[in-house]
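Colleague: Take the sequence shown: its letter number 416 is residue 416 in UniProt numbering, and every next letter is one higher.
No residue lacks a Cβ here, since even glycine has one placed at the ideal position from N, Cα and C.
Everything numeric in this text was worked out from a predicted model, so none of it was measured.
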Amino acid sequence: MADSGQIYPPPLPAKSLSGRRPVLQVFRSKLDSDPGLSLHQPKSGSASPLQYGAATLGRNASSKSPLLVANSTGSLPRNLAATLQDIETKRQLALQQKGQQVIDEQRRRLAELKQRAAAEAQCQWEALHGSQTHLISIGPPPMVHHSILHHQPPSAGEQPYDTLSLESSDSMDTSVSTGNNSACSPDNMSSVGGMDSLKIEEMEKMLKEAQMEKARLIESRERESLTRRHMLEEERRRREEAEKRLQDETFHRQQLVEKEVKMRSKNFSQARPMTRYLPIRKEEFDLRSHVESSGHSVDTCYHVILTEKMCKGYLVKMGGKIKSWKKRWFVFDRLKRTLSYYVDKHETKLKGVIYFQAIEEVYYDHLRSATKSPNPSLTFCVKTHDRLYYMVAPSAEAMRIWMDVIVTGAEGYTQFMN
């Protein structure tokens with residue numbers, strides 16, 4: 001049994017790296033070519049050192065390697081033994097690093113699950129109490145206390161995250177079982193949220209009262225504004241009625257004034273002449289008797305010569321172009337229907353003629369408009385179509401007689417003829 005006496009090296013673990021296969025093939029080829037280089041085969045009943053190291057997975061880093069055992073026999077070459085020892089060391093380091101990465105990943109997933117469970121529990125609790133505003137005021141869900149799951153507290157300046165011990169991360173069952181005692185459990189939430197529920201109820205009650213008070217205030221303001229609007233509308237209506245009555249009364253008074261008073265035209269700036277009579281065109285008219293019936297004493301007034309058809313006497317007249325006062329002899333003739341004035345009483349040199357048809361008004365100069373009148377109190381005016389004559393009588397009686405005489409011939413004065 002030559003084949004049974006040949007010793008082969010122990011089998012490598014199943015999870016060996018692909019990069020180690022060429023080295024092992026070279027080693028086996030050398031063994032086949034050189035039967036002298038051999039290793040003692042271990043007993044079938046005992047477990048290999050590599051399998052024992054793979055089972056521990058990082059917990060026993062000082063386990064003996066099969067290459068070290070083989071090297072202790074002294075049957076392998078030194079270079080090959082050193083190479084195999086280096087390969088085994090790198091494999092152990094790779095397994096440790098991979099195991100550490102798996103542990104860190106499990107820790108991170110467990111922390112995320114706990115945070116998600118806490119957030120969901122908080123949301124469900126807020127939904128049951130119906131307080132969305134309270135959720136906003138609370139902010140993001142708080143982190144689970146570190147002492148519950150045997151976590152180390154985060155150092156200053158670092159973000160809070162969950163770090164499990166190596167013993168607690170061996171299985172997910174132990175991690176989930178510890179979560180039953182965390183702050184996300186309904187018992188702890190009910191105990192912690194008891195005071196919060198009372199505060200929420202009190203806040204809801206105060207909010208309802210504030211809303212009712214606000215509604216009452218709004219209603220009272222609306223009533224006040226409505227009342228004020230009604231008052232303004234009533235005041236506006238009264239004012240419009242008063243203005244309408246005032247307009248009606250003003251219009252009625254204007255109509256009464258237009259009916260009772262006959263207004264003069266705008267081109268007449270003077271008032272009605274201060275005489276008793278209007279122009280008289282009758283041929284049988286007696287001028288002397290008319291003046292005497294008016295109350296004038298013709299016999300005692302020596303400045304006027306008065307007959308049935310004529311009136312003569314001296315008057316001081318103001319010139320038309322040169323505003324100078326000259327004494328002239330005036331003759332009022334009803335037969336010729338003229339008012340003439342001469343240089344003297346001999347009536348030889350005529351200075352001017354005023355026809356009855358041109359005389360419009362005869363009135364007293366109450367405005368004192370005559371320029372540099374010799375006697376303003378005895379000044380009267382004779383208005384014609386083209387000129388205004390200013391005359392000064394020698395006495396007050398003579399002025400009154402002349403005014404009543406001239407107005408009887410004022411045939412141009414037709415405004416009050418109707």
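Using 8 Å as the cut-off, can you tell me whether the segment 350 to 366 makes contact with the segment 401 to 413, which would need three or more C-beta pairs spanning the two stretches below that distance?
Modeller: Result yes; three or more Cβ-Cβ pairs closer than 8 Å.
Colleague: Counting along the chain, where does the alpha helix (DSSP H) carrying D104 start and finish?
Modeller: Taking the sequence shown and counting its residues from 1, the one referred to as residue 104 is at position 104. Here the alpha helix (DSSP H) through D104 covers 78 to 129.
Colleague: Could you work out which residue in Y355, S340, E397, A393 is closest to K349 when comparing CA atoms only?
Modeller: Counting from one through the sequence shown, the residue named residue 349 turns up at place 349. K349 has its Cα closest to that of S340, out of Y355, S340, E397, A393.
Colleague: Got a sec, what are the start and stop residues for the beta strand (DSSP E) E360 sits in?
Modeller: Counting from one through the sequence shown, the residue named residue 360 turns up at place 360. From DSSP, the beta strand (DSSP E) with E360 extends over 359 to 364.
Colleague: I need the DSSP call for L335, collapsed to helix, strand or coil.
Modeller: If you number the sequence shown from 1, residue 335 lands on position 335. DSSP places L335 in coil when its eight states are reduced to three.
Colleague: Taking the alpha carbon of I359 as the point to measure from, which residue in G412, F332, K114, P279 has its own alpha carbon closest?
Modeller: Taking the sequence shown and counting its residues from 1, the one referred to as residue 359 is at position 359. Taking only the C-alpha atoms, the option nearest I359 is G412.
Colleague: Let me confirm a value: R337 is counted as buried when at least 16 other C-beta atoms fall within 10 Å, else exposed. Which label applies?
Modeller: Looking up residue 337 in the sequence shown gives position 337. R337 is exposed by the Cβ-count criterion.
Colleague: If you compare alpha carbons, which of E213, L315, A81 is closest to residue 486?
Modeller: Because the chain in this structure spans residues 1 to 418, residue 486 falls outside the shown range and cannot be described.
Colleague: So does the segment 394 to 403 actually touch the segment 368 to 386, counting three or more Cβ pairs closer than 8 Å?
Modeller: Because the criterion of three Cβ pairs below 8 Å is met, the segment 394 to 403 and the segment 368 to 386 touch.
Colleague: Where in the segment 289 to 354 do unbroken runs of the beta strand (DSSP E), each at least 3 residues long, occur, reported from the N-terminal end onward?
Modeller: DSSP runs (the beta strand (DSSP E)) wholly in the segment 289 to 354: 310 to 318, 325 to 333, 338 to 342.
Colleague: Name the residue from S294, T300, I103 whose alpha carbon lies nearest to the alpha carbon of M403.
Modeller: Here residue 403 is taken as the residue at index 403 of the sequence shown, counted from 1. Of the candidates S294, T300, I103, the one whose C-alpha sits nearest the C-alpha of M403 is S294.
Colleague: Go to L388, then tell me how far its beta strand (DSSP E) extends in each direction, as first and last residue.
Modeller: Against the sequence shown, residue 388 aligns to sequence position 388. Per DSSP, L388 belongs to the beta strand (DSSP E) from 388 to 392.
Colleague: Measuring CA to CA, which of F356, Y355, C381 is closest to L367?
Modeller: As a working note, residue 367 is residue 367 in the sequence shown. Ranking F356, Y355, C381 by Cα distance to L367 puts C381 first.
Colleague: DSSP three-state label for K244, please.
Modeller: Mapped onto the sequence shown, residue 244 falls at position 244. Note: K244 maps to helix in three-state DSSP.
Colleague: Do you know how far the Cα of E112 is from the Cα of N181?
Modeller: The residue labelled residue 181 in the question sits at position 181 within the sequence shown. The residue labelled residue 112 in the question sits at position 112 within the sequence shown. Any reading at N181 needs caution, since the residue's pLDDT is 46, under 50, leaving its predicted position unreliable; the model's value is listed next. Straight-line Cα distance between these residues: approximately 17 Å.
Colleague: Would you tell me roughly how many angstroms separate the C-alpha atoms of K205 and Q122, rounded to the nearest one?
Modeller: Here residue 205 is taken as the residue at index 205 of the sequence shown, counted from 1. Here residue 122 is taken as the residue at index 122 of the sequence shown, counted from 1. Those two C-alpha atoms are separated by around 23 Å.
Colleague: Measure from the alpha carbon of F330 to the alpha carbon of each residue in G320, S324, K351, K321, then state which is nearest.
Modeller: By 1-based counting over the sequence shown, the position of residue 330 is 330. Checked all of G320, S324, K351, K321; the closest Cα to F330 is K351.
Colleague: How would you call E88, buried or exposed, if buried means at least 16 neighbouring beta carbons within 10 angstroms?
Modeller: Looking up residue 88 in the sequence shown gives position 88. The residue in question, E88, is buried, as its Cβ has 16 or more Cβ neighbours within 10 Å.
Colleague: Drop a sphere of 10 angstroms on the beta-carbon of R334, count the other beta-carbons inside from all chains shown, and report buried for 16 or more, exposed for fewer.
Modeller: Taking the first residue of the sequence shown as 1, we reach residue 334 at position 334. Classification for R334: buried.
Colleague: Measure the C-alpha to C-alpha separation of K64 and Q101 and round it to an integer number of angstroms.
Modeller: The count along the sequence shown starts at 1 and reaches residue 64 at position 64. The count along the sequence shown starts at 1 and reaches residue 101 at position 101. Any answer about K64 is weak, because its pLDDT of 44 lies below 50 and its placement is not dependable; what the coordinates show is given next. When rounded, the distance between both Cα atoms is 24 Å.
Colleague: Would you call the CB atoms of K317 and Y389 closer than 8 Å?
Modeller: Position 317 of the sequence shown, counted from the start, is the residue given in the question as residue 317. Position 389 of the sequence shown, counted from the start, is the residue given in the question as residue 389. Contact: yes.
Colleague: In its own chain, which residues sit with a C-beta less than 8 Å from the C-beta of C301, not counting the 5 before and 5 after it?
Modeller: What you label residue 301 is simply residue 301 of the sequence shown in a count that begins at 1. These residues qualify, in order along the chain: S395, E397, A398, I401.
Colleague: Under three-state DSSP, which class holds F380?
Modeller: As a position in the sequence shown, residue 380 is number 380, starting the count at 1. Correct three-state label for F380: strand.
Colleague: At the level of alpha carbons, what is the spacing between K345 and E258?
Modeller: Counting from 1 along the sequence shown, the entry for residue 345 is found at position 345. Counting from 1 along the sequence shown, the entry for residue 258 is found at position 258. Looking at the two C-alpha atoms, the distance is approximately 50 Å.
Colleague: Taking just the CA atoms, how far does E201 sit from Q115?
Modeller: Numbered from its first residue, the sequence shown carries residue 115 at position 115. Numbered from its first residue, the sequence shown carries residue 201 at position 201. Answer to the nearest angstrom: the Cα atoms are 28 Å apart.
Colleague: Applying the criterion that 16 or more other CB atoms from any shown protein chain within 10 Å of the CB defines a buried residue, is V291 buried or exposed?
Modeller: Here residue 291 refers to the residue found at position 291 when the sequence shown is read from its first residue. Classification of V291: buried, given that the 10 Å Cβ count is 16 or more.
Colleague: Taking Cβ positions, are V392 and S373 nearer each other than 8 Å?
Modeller: Residue mapping note: residue 392 aligns to position 392 of the sequence shown, counting from 1. Residue mapping note: residue 373 aligns to position 373 of the sequence shown, counting from 1. Yes, they are a contact pair.
Colleague: Are L306 and R281 closer than 8 Å when you measure CB to CB?
Modeller: Walking along the sequence shown from the start, residue 306 turns up at place 306. Walking along the sequence shown from the start, residue 281 turns up at place 281. Not a contact, by the Cβ cut-off of 8 Å.
Colleague: If you follow the alpha helix (DSSP H) that D286 is in, where does it begin and where does it stop?
Modeller: Mapped onto the sequence shown, residue 286 falls at position 286. Element bounds for D286: n/a, residue is neither H nor E.
Colleague: Mapping the DSSP letters down to three states, classify H385 as helix, strand or coil.
Modeller: Translated into positions along the sequence shown, residue 385 becomes position 385. Note: H385 maps to coil in three-state DSSP.
Colleague: Have a look at T371 and M310 and give me their C-alpha separation to the nearest angstrom.
Modeller: As a position in the sequence shown, residue 371 is number 371, starting the count at 1. As a position in the sequence shown, residue 310 is number 310, starting the count at 1. About 30 Å.
Colleague: I think D286 touches E260, with their Cβ atoms under 8 Å apart; what is that distance to the nearest whole Å?
Modeller: Against the sequence shown, residue 286 aligns to sequence position 286. Against the sequence shown, residue 260 aligns to sequence position 260. Not really, about 36 Å apart at Cβ, beyond 8 Å.
Colleague: What separation, rounded to the nearest whole angstrom, lies between the Cα atoms of V343 and G319?
Modeller: Locating residue 343 in the sequence shown gives position 343, where the first residue counts as 1. Locating residue 319 in the sequence shown gives position 319, where the first residue counts as 1. Going by the C-alpha atoms only, they are around 13 Å apart.
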